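Peer 1: If you count the sequence shown from 1, you need to add 4 to reach this note's numbering.
Please see the structure below; I have some questions.
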Amino acid sequence: MSHLPYLIPGWILLVGIYGIVTSRNLVHAVVCLSVAQSATYVLLLTVGYQKKATAPVFSDIKPTRNVVDPLVQAMTLTDIVVGATVTALLLALTVQVAKRRGTVDPDELRSLEP
5 MSHLPYLIPG WILLVGIYGI VTSRNLVHAV VCLSVAQSAT YVLLLTVGYQ KKATAPVFSD
65 IKPTRNVVDP LVQAMTLTDI VVGATVTALL LALTVQVAKR RGTVDPDELR SLEP
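Right, dumping it as structure tokens:
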């Protein structure tokens, strides 16, 4: 089995982390966090992939046919929903920071005084 499908999520994760570290804007940091989290989707899909397998709907296939694991698909969908929720929450917090402090630059937000 090739290791390339497992290296791709690692590369996506590193790109996202690099974007977070070098970000000069909170919105950019939230987007980079979403990119880093998308590596988990790709990793889960890589783990659950099977050659010549079909969807786990058993009404119209023979019992001897290979099917993919539905647990991996459910975990991927759950990961997508959690990722969208976290992204929405972080963007809402970024909007509130921009309203209260007038900037989204992390360097200007270092101090806690208003």
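Here a beta-carbon is modelled for each residue, glycine too, at the ideal position from N, C-alpha and C.
Note that the structure is predicted; figures quoted are calculated from it, not measured.
Using the three-state DSSP reduction, which class does residue 58 fall into: helix, strand or coil?
Peer 2: The sequence position of residue 58 within the sequence shown is 54, counting from 1. Three-state DSSP puts residue 58 in a strand.
Peer 1: Grab me the residues of residue 112's own chain with a C-beta within less than 6 Å of its C-beta, minus the 5 sequence neighbours each way, in chain order.
Peer 2: Reading the sequence shown from its first residue, position 108 is the one you call residue 112. Correct list: empty, nothing qualifies.
Peer 1: What three-state label does DSSP hand residue 86 in the structure shown?
Peer 2: Counting from one through the sequence shown, the residue named residue 86 turns up at place 82. Helix at residue 86.
Peer 1: Looking at C-alpha atoms only, which residue of 78, 6, 17 and 38 is the closest neighbour of residue 94?
Peer 2: Taking the sequence shown and counting its residues from 1, the one referred to as residue 94 is at position 90. Cα-wise, what sits closest to residue 94 is 38.
Peer 1: How far does the alpha helix (DSSP H) with residue 53 in it reach, from first residue to last?
Peer 2: Counted from its first residue, the sequence shown places residue 53 at position 49. That residue, residue 53, is in no alpha helix (DSSP H); it is neither H nor E in DSSP.
Peer 1: Do you know offhand how far residue 88's Cα is from residue 6's?
Peer 2: Position 84 of the sequence shown holds residue 88. Position 2 of the sequence shown holds residue 6. Roughly 31 Å between the two C-alpha positions.
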